[in-house]
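Worksheet: the structure to be examined is printed underneath.
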Amino acid sequence: GSAPRSRFHFAPGRGPDGAEPPNNWHAMFGGPAWSRTTGPDGTPGDWYLHLFTPEQPDLNWRDPVVGDEFERVLRFWLDRGVDGFRIDVAAGLFKHPELPDSDDPGADERARDAVNQLAWNQPEVHGVWRRWRAVCEEYTARDGHERLLVGEVSVPTAREHAEYVRPDELHQAFFFDLLSAPWDADAFRTTITEAIRDIAGTGSTVTWVLNNHDQVRTVTRYAGEPGVEGSGLGAARARAAALLMLALPGAAYVYQGEELGLPEVLDLPDEVLTDPIFRRTGSRKHVRDGCRVPLPWSGHASPFGFSQETAGVKPWLPQPEWFAEHATDRALADTRSFWHLYRDGLQLRRTLPQLGDGTLRWLDAPAQVLAIARGDGLICAVNFGTEPVPAPVPGTPLLASGPCPDGGPPAANAAWLAGVYPAAGPAAPEPTTP
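Residue numbers (my numbering): 1 to 434.
Structure representation (structure tokens):
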């Protein structure tokens, strides 16, 4: 009966004595999305909603007190000079007001693969981001220094994604579709085309990512075919994908360790895993700890300079011995490393006007090759195939992900080239989603 109770989602249970959860929703990290409370006298009470873990009860954003409290939190940090906020689960604030059953009976088994649309992407969420944007604009008006709002937004289509980055909402929202795209020219082309048409077409910025804290790292993800895990193919593809991402108009985010070419750590023993997905399901299927192992900075043994080498002090996840091959000190000393590729690419991206927020044009190219023209006289060519291809234009590449003896990218390679454009190719296929 207390007022603060409305700040969360409490509901009576169903069935005899209210022993069943209020609806059939499942938590993203496994198990039911509801936990039952216990009264002071030990009597079972109502249930509360948690879309991730019981330790993270979902706030009820329909109570105005919640929005007011978050504005106070924003102002607290903005008054202390922060430059902005990265917003987790930015589409998952509001739930359907009636909390009905989901009509997806397989949601339990696919909780990490299929988002419950009754608890996600509700229209009221956009009012929150308009309010936050207004707060940031208020501070910007005082000193001319822009504060950034970047959201973790997972929604079904690029068109819905674009709604979150309208001029009065978030400045940026991570576009995750390249994270799930297979290593295939048509898949990348369709994904990029949809993003530019539906997001950049509204005047917003596409925010590209290839890696993040929830997904298998590209070096491992792109070498997923049987028998090629140790061949270096994944690393070559990851380097090529990096040059493609950095050649696209919009914002590019690099996940820690991506610039070192770190593969996924796949053999962490069960007893060291910290991911609540494993703790709640007992399954390693979606465990994310493999991309969260602390970075190797220097040396030849754990903790690789990540923490002080004091007796008994260990990183929260064990670093494998082979991390030494990817340590930052080695990367800096090797001009062929991922680190130098990213640094050179970022430097060119900053200095070449063609790599700004201008236009992108698809060029004619062989099958399994993508060629894009940026601005006036810069081409990025990516070979998704298994055979080398001729360069789209003659000359030495400005930057390449691997050796290009004839100017054109070999298999699983990318190159940036300067030159006169060839004829434009056909438009990317129209998306099949509405």
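We put the beta carbon where it would ideally sit given N, CA and C, even for glycine.
Burial of leucine 268 is indicated by the presence of at least 16 other C-beta atoms within 10 angstroms of its C-beta. Assignment of beta-bridge partners to glycine 151 by DSSP yields Ile87 and Ala173. Following the DSSP letters along the chain, one finds tryptophan 77 inside the alpha helix (DSSP H) bounded by residues 64-78. Between glycine 358 and the set Val153, Ser337, Gly201 and Ala119, the nearest pair of CA atoms involves Gly201.
Under the three-pair Cβ rule at 8 angstroms, the segment 144-162 does not count as touching the segment 181-189. Across the structure, histidine 171 and cysteine 291 are spaced so that their CA atoms are roughly 27 angstroms apart. Around the beta-carbon of glycine 282, fewer than 16 other beta-carbon atoms lie within 10 Å, marking it exposed.
CA-to-CA, the gap between serine 302 and arginine 330 works out to about 15 angstroms. Annotated as proximal: arginine 147 and tyrosine 139, with beta-carbon spacing under 7 angstroms. Around histidine 161, the same chain offers Val153, Val155, Ala173, Phe175 and Ile199 as residues with beta carbons nearer than 7 angstroms, after the five sequence neighbours per side are excluded. For tryptophan 47, the uninterrupted beta strand (DSSP E) run begins and ends at 44-49, by DSSP. In this model, proline 397 and glutamine 368 are separated by some 20 angstroms (Cα to Cα).
Annotation: the segment 293-365 contains the following complete segments of the beta strand (DSSP E) (minimum length 3 residues), in chain order: 360-362. By the beta-carbon neighbour count (other beta carbons within 10 angstroms, threshold 16), tryptophan 25 is buried. Out of Phe76, Asp79, Glu163 and Trp322, the CA that lies nearest to the CA of alanine 91 is found in Glu163. At a Cβ-Cβ threshold of 7 angstroms, alanine 241 and leucine 210 count as neighbours. Residue pairing of threonine 207 in beta bridges, as defined by DSSP: Phe174 and Ala251.
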